[in-house]
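Take a look at the structure set out below.
Number of protein chains: 2
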Amino acid sequence: MKFRNFKMVDYVVYGRGSFNQLDEILAPRRKSGAPIIFLLDHFFEKHSLYSRIPQQKGDAIILVDVNYEPKTSYIDTLADQIKKEFGTVSGVVGIGGGSAMDIAKAVSLMMNNPGKASDYQGWDLVKFPGVYKAGIPTLSGTGAEVSRTTVLTGPTKKLGMNSDFTPFDQIILDPELTANAPVNQRFYTGMDCYIHCIESLTGTFLNEFSKSYGKKALELCRKVFIEKNDWDSESDDQLMMASYAGGMSIAYSQVGVAHAVSYGLSYLLGTKHGIGNCIVFDKLEEFYPEAVKEFKWMAAKNKIDIPQHITKGLGEEQFDTMINVSLGLKPLWENALGKDWEKIMPKEKLRALYEKL
Amino acid sequence: MKFRNFKMVDYVVYGRGSFNQLDEILAPRRKSGAPIIFLLDHFFEKHSLYSRIPQQKGDAIILVDVNYEPKTSYIDTLADQIKKEFGTVSGVVGIGGGSAMDIAKAVSLMMNNPGKASDYQGWDLVKFPGVYKAGIPTLSGTGAEVSRTTVLTGPTKKLGMNSDFTPFDQIILDPELTANAPVNQRFYTGMDCYIHCIESLTGTFLNEFSKSYGKKALELCRKVFIEKNDWDSESDDQLMMASYAGGMSIAYSQVGVAHAVSYGLSYLLGTKHGIGNCIVFDKLEEFYPEAVKEFKWMAAKNKIDIPQHITKGLGEEQFDTMINVSLGLKPLWENALGKDWEKIMPKEKLRALYEKL
Numbered sequence: 005m006k007f008r009n010f011k012m013v014d015y016v017v018y019g020r021g022s023f024n025q026l027d028e029i030l031a032p033r034r035k036s037g038a039p040i041i042f043l044l045d046h047f048f049e050k051h052s053l054y055s056r057i058p059q060q061k062g063d064a065i066i067l068v069d070v071n072y073e074p075k076t077s078y079i080d081t082l083a084d085q086i087k088k089e090f091g092t093v094s095g096v097v098g099i100g101g102g103s104a105m106d107i108a109k110a111v112s113l114m115m116n117n118p119g120k121a122s123d124y125q126g127w128d129l130v131k132f133p134g135v136y137k138a139g140i141p142t143l144s145g146t147g148a149e150v151s152r153t154t155v156l157t158g159p160t161k162k163l164g165m166n167s168d169f170t171p172f173d174q175i176i177l178d179p180e181l182t183a184n185a186p187v188n189q190r191f192y193t194g195m196d197c198y199i200h201c202i203e204s205l206t207g208t209f210l211n212e213f214s215k216s217y218g219k220k221a222l223e224l225c226r227k228v229f230i231e232k233n234d235w236d237s238e239s240d241d242q243l244m245m246a247s248y249a250g251g252m253s254i255a256y257s258q259v260g261v262a263h264a265v266s267y268g269l270s271y272l273l274g275t276k277h278g279i280g281n282c283i284v285f286d287k288l289e290e291f292y293p294e295a296v297k298e299f300k301w302m303a304a305k306n307k308i309d310i311p312q313h314i315t316k317g318l319g320e321e322q323f324d325t326m327i328n329v330s331l332g333l334k335p336l337w338e339n340a341l342g343k344d345w346e347k348i349m350p351k352e353k354l355r356a357l358y359e360k361l
Numbered sequence: 005m006k007f008r009n010f011k012m013v014d015y016v017v018y019g020r021g022s023f024n025q026l027d028e029i030l031a032p033r034r035k036s037g038a039p040i041i042f043l044l045d046h047f048f049e050k051h052s053l054y055s056r057i058p059q060q061k062g063d064a065i066i067l068v069d070v071n072y073e074p075k076t077s078y079i080d081t082l083a084d085q086i087k088k089e090f091g092t093v094s095g096v097v098g099i100g101g102g103s104a105m106d107i108a109k110a111v112s113l114m115m116n117n118p119g120k121a122s123d124y125q126g127w128d129l130v131k132f133p134g135v136y137k138a139g140i141p142t143l144s145g146t147g148a149e150v151s152r153t154t155v156l157t158g159p160t161k162k163l164g165m166n167s168d169f170t171p172f173d174q175i176i177l178d179p180e181l182t183a184n185a186p187v188n189q190r191f192y193t194g195m196d197c198y199i200h201c202i203e204s205l206t207g208t209f210l211n212e213f214s215k216s217y218g219k220k221a222l223e224l225c226r227k228v229f230i231e232k233n234d235w236d237s238e239s240d241d242q243l244m245m246a247s248y249a250g251g252m253s254i255a256y257s258q259v260g261v262a263h264a265v266s267y268g269l270s271y272l273l274g275t276k277h278g279i280g281n282c283i284v285f286d287k288l289e290e291f292y293p294e295a296v297k298e299f300k301w302m303a304a305k306n307k308i309d310i311p312q313h314i315t316k317g318l319g320e321e322q323f324d325t326m327i328n329v330s331l332g333l334k335p336l337w338e339n340a341l342g343k344d345w346e347k348i349m350p351k352e353k354l355r356a357l358y359e360k361l
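Here the protein sequences line up with chains Z and U, keeping their order.
Each number in my numbering comes from the position in the first sequence (counting from 1) with 4 added on.
Each number in my numbering comes from the position in the second sequence (counting from 1) with 4 added on.
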């Protein structure tokens with residue numbers, strides 16, 4: 005098909021305090037004797053959110069480790085553990101940042117698909133629908149709540165399980181849940197949305213659907229990170245909508261240089277996606293001159309340090325790994341630089357860029 | 005639930021020429037021996053669009069009469085005709101303006117629900133999912149492509165079949181299809197979107213989800229009807245997204261005075277929704293002063309006449325009918341005027357307003 009037939013999330017609730025509706029929302033999805041498994045970002049282990057999870061008899065909360073970007077092997081371990089311990093489940097609910105969202109989506113799929121998660125890294129390889137899955141973000145910016153992918157690091161590649169079975173059946177967008185996010189983390193994740201909108205709006209793939217969503221997301225990012233001097237509850241409301249709109253904008257657009265380069269970083273060093281994008285974007289004046297200036301200004305205004313020299317001391321082989329992962333992401337480069345991207349970004353130039361990070 | 009759990013359309017395609025993907029999109033939905041029924045706006049009877057419909061053996065095109073707002077009795081007639089002639093069907097595809105969309109949604113539901121369409125006018129009364137239904141708008145502005153209702157005139161009320169089963173399974177947003185819409189019709193329908201955004205953005209029910217969508221829709225309406233001097237293909241792209249965003253904005257908002265009053269008009273006189281809203285909005289300076297000024301300016305700039313004196317000569321009983329239909333729409337009045345709306349808009353005042361139309 006020339007134009008993607010975009011699978012939407014089935015149900016969306018948006019509202020301050022809408023997390024309180026979770027029990028009611030899950031009730032019609034419960035099958036007798038089959039529990040709901042809550043996959044909770046381990047950041048919330050001792051947080052009041054833990055006790056607000058509406059567990060019914062038989063349900064379980066599994067704390068998921070999101071110190072690193074999710075690995076396919078971790079998904080396999082979680083899915084095997086759940087199958088062994090609980091047999092059939094009524095569904096999984098992911099609560100946390102982008103990694104928790106991606107883990108929930110991938111685990112749901114691996115409950116019903118044979119083999120390993122790495123077998124399904126790519127486009128439209130997933131064979132069967134997963135179990136019911138709901139996503140509840142506690143950080144805004146990734147767009148993972150509405151995307152049709154789940155980004156995973158596998159044995160040979162960093163690539164999602166991109167399929168019509170991947171989007172959530174339900175998302176609950178409650179801006180109260182993002183209120184106490186660590187300031188740095190909130191900035192890095194918010195910038196994931198900002199950077200991705202810059203990349204898609206300046207790219208060569210775009211139509212009015214994605215442009216409308218992308219511009220709205222960018223406007224909301226600017227409201228919270230530039231126009232306002234203090235963070236307030238409206239900032240949480242707006243950044244949550246920015247994330248949603250940014251995620252929707254990807255339907256008919258593609259990310260660009262920052263994502264292509266930062267995927268190499270996370271593959272090799274495990275750098276988390278939000279901060280990785282910031283580290284790379286900070287050095288992309290050549291490609292996005294105005295936006296990089298604005299980005300630096302936002303970082304300064306919000307008193308955020310962007311890590312420097314993280315590739316210092318890496319060896320030849322390690323640079324080659326990052327370069328190969330990055331150059332493998334052809335659609336991203338083509339979107340950013342056009343059909344002749346290989347001439348504009350030869351290996352040596354990308355190497356020099358990685359050395360600057 | 006405090007916050008509505010909004011059922012989204014399952015699949016969305018947006019793109020110039022995406023209508024050409026219809027056959028491919030329908031293929032996996034076809035059940036052996038069960039045809040697809042295309043419900044086509046009668047406006048297209050002799051139009052090239054007719055021959056572009058990808059009919060397979062056994063399929064049928066039914067021309068639907070959209071001279072008046074859809075009646076529940078018309079839905080019953082269509083559903084009975086289809087059941088009698090075709091038995092089981094694989095699905096229905098509505099192609100046309102807002103009425104064709106609403107007819108397709110309602111017929112889909114009545115294929116699988118017993119009784120009459122009027123039994124289901126209200127909130128969450130529909131018992132069973134309809135047959136597969138796709139919507140393809142050829143006019144932009146109603147938002148019917150994404151709404152969870154289907155507005156119908158019944159024996160005693162004008163009210164939709166508002167349910168989670170009502171949204172389309174698939175929509176195809178192809179701005180090329182709106183390119184040759186009659187200029188007046190395009191304006192009236194576009195204003196449906198504009199008016200509904202003004203009503204929801206100035207209303208007392210609203211959150212950031214609906215505000216983001218509403219503002220985006222309004223911005224796009226202004227681009228096409230104010231900023232540009234000529235209609236071009238980008239205008240079609242933008243008004244189609246305005247309609248979509250305007251429809252989404254209704255998730256957590258409500259329309260207001262113009263809709264409440266114009267429902268009375270259409271109930272009594274059969275006035276079509278788009279033009280009816282324009283006739284009413286033109287006289288609402290008291291409630292939306294800035295926007296009514298802008299509306300009059302848009303009408304003048306686009307050389308559109310707004311009909312006047314359409315209630316001239318109506319009798320006492322007829323005014324009472326319109327007033328009763330209108331005042332029955334409590335949530336609309338409350339959104340517009342707050343909890344004390346009955347004091348702000350007593351019967352006599354509404355009567356005077358109807359007399360001005």
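The beta-carbon is built from N, C-alpha and C at its ideal position, and this holds for glycine as well.
What separation, rounded to the nearest whole angstrom, lies between the Cα atoms of residue i and residue j?
i                       : j                        : result
lysine 343 (chain Z)    : valine 155 (chain Z)     : 25 Å
valine 296 (chain Z)    : alanine 148 (chain Z)    : 24 Å
glutamine 258 (chain Z) : tryptophan 127 (chain Z) : 15 Å
lysine 131 (chain U)    : glycine 21 (chain Z)     : 29 Å
proline 39 (chain Z)    : glycine 319 (chain Z)    : 48 Å
proline 141 (chain Z)   : lysine 88 (chain U)      : 49 Å
glutamate 28 (chain U)  : leucine 336 (chain Z)    : 27 Å
aspartate 196 (chain U) : threonine 92 (chain Z)   : 48 Å
tyrosine 15 (chain Z)   : leucine 30 (chain Z)     : 12 Å
proline 74 (chain U)    : methionine 114 (chain U) : 14 Å
Below 7 Å on C-beta distance, what does residue i contact in chain Z?
i                        : result
alanine 249 (chain U)    : Ser216
methionine 105 (chain U) : Those within 7 Å of methionine 105 (chain U) in chain Z number zero; the least Cβ separation is about 17 Å.
methionine 349 (chain U) : Correct list: empty, because the minimum Cβ distance to chain Z is about 29 Å.
Here's the rule I'm using: 16 or more other beta-carbon atoms within 10 Å means buried, otherwise exposed. How should residue i be labelled?
i                        : result
histidine 51 (chain U)   : exposed
alanine 255 (chain Z)    : buried
isoleucine 175 (chain U) : buried
glutamine 25 (chain U)   : buried
alanine 110 (chain Z)    : buried
isoleucine 348 (chain Z) : exposed
histidine 263 (chain U)  : buried
leucine 269 (chain U)    : buried
leucine 82 (chain Z)     : buried
Check the Cβ of residue i against every Cβ in chain U and list those closer than 7 Å, keeping chain order.
i                        : result
asparagine 211 (chain Z) : Tyr18 and Gly19
tyrosine 136 (chain Z)   : Here the premise fails: no neighbours, minimum Cβ distance about 14 Å.
Could you pull out every residue in the same chain whose Cβ sits closer than 6 Å to the Cβ of residue i, ignoring the five residues on either side in sequence?
i                        : result
glutamate 338 (chain Z)  : Trp345
asparagine 211 (chain U) : Tyr256
proline 118 (chain U)    : none
Between residue i and the rest of its own chain, which residues show a CB-CB distance below 8 Å, the 5 nearest in sequence each way excluded?
i                        : result
leucine 163 (chain U)    : Gln125, Gly126, Val155 and Leu156
asparagine 306 (chain Z) : Val187, Phe191 and Phe229
asparagine 116 (chain U) : Phe132, Pro133, Gly134 and Val135
Taking 7 Å as the limit between beta carbons, can you name the residues of its chain near residue i, skipping five residues before and five after?
i                        : result
isoleucine 310 (chain Z) : Cys282, Ile283, Asp286 and Ala303
tyrosine 136 (chain Z)   : Arg33, Ser94, Gly95 and Asp173
tyrosine 248 (chain U)   : Glu149, Val150 and Leu177
methionine 245 (chain U) : Leu224
tyrosine 267 (chain U)   : Lys162, Val329, Ser330 and Leu333
glycine 207 (chain U)    : Ser257, Gln258, Gly260, Asn339 and Ala340
Can you tell which of the options has the C-alpha that lies nearest to the C-alpha of residue i?
i                       : options                                   : result
glycine 250 (chain Z)   : Z:Gln312, Z:Ser151 and Z:Glu238           : Z:Ser151
threonine 325 (chain U) : U:Lys307, U:Leu336 and U:Leu273           : U:Leu273
tyrosine 292 (chain Z)  : Z:Thr146, Z:Ile279, Z:Ser204 and Z:Asp123 : Z:Ser204
aspartate 45 (chain Z)  : Z:Ser36, Z:Asp63 and Z:Val70              : Z:Val70
leucine 181 (chain U)   : U:Asp240, U:Leu129, U:Lys75 and U:Phe10   : U:Asp240
histidine 200 (chain U) : U:Asn184, U:Ile327, U:Ala185 and U:Leu222 : U:Leu222
glutamate 290 (chain U) : U:Leu354, U:Phe10, U:Glu238 and U:Gly145  : U:Leu354
threonine 193 (chain U) : U:Asp236, U:Gly145 and U:Phe90            : U:Gly145
tyrosine 217 (chain U)  : U:Lys351, U:Gly280 and U:Met252           : U:Met252
Give me the chain Z residues within the contact set of residue i, using Cβ-Cβ distance strictly less than 9 Å, ordered along the chain.
i                      : result
aspartate 14 (chain U) : Lys11, Met12 and Asp14
Measuring only from the beta carbon, is residue i closer than 6 Å to any heavy atom that is part of the ligand FAD?
i                    : result
serine 237 (chain Z) : Summarising the ligand content, the structure contains no ligands, and the ligand FAD is consequently not present.
Residue i touches chain Z at which residues, Cβ-Cβ below 8 Å?
i                     : result
leucine 224 (chain U) : Ser216
Who are the neighbours of residue i on chain U, taking C-beta pairs under 9 Å?
i                      : result
tyrosine 198 (chain Z) : Within chain U, no residue comes near tyrosine 198 (chain Z); the closest Cβ sits about 16 Å away, beyond 9 Å.
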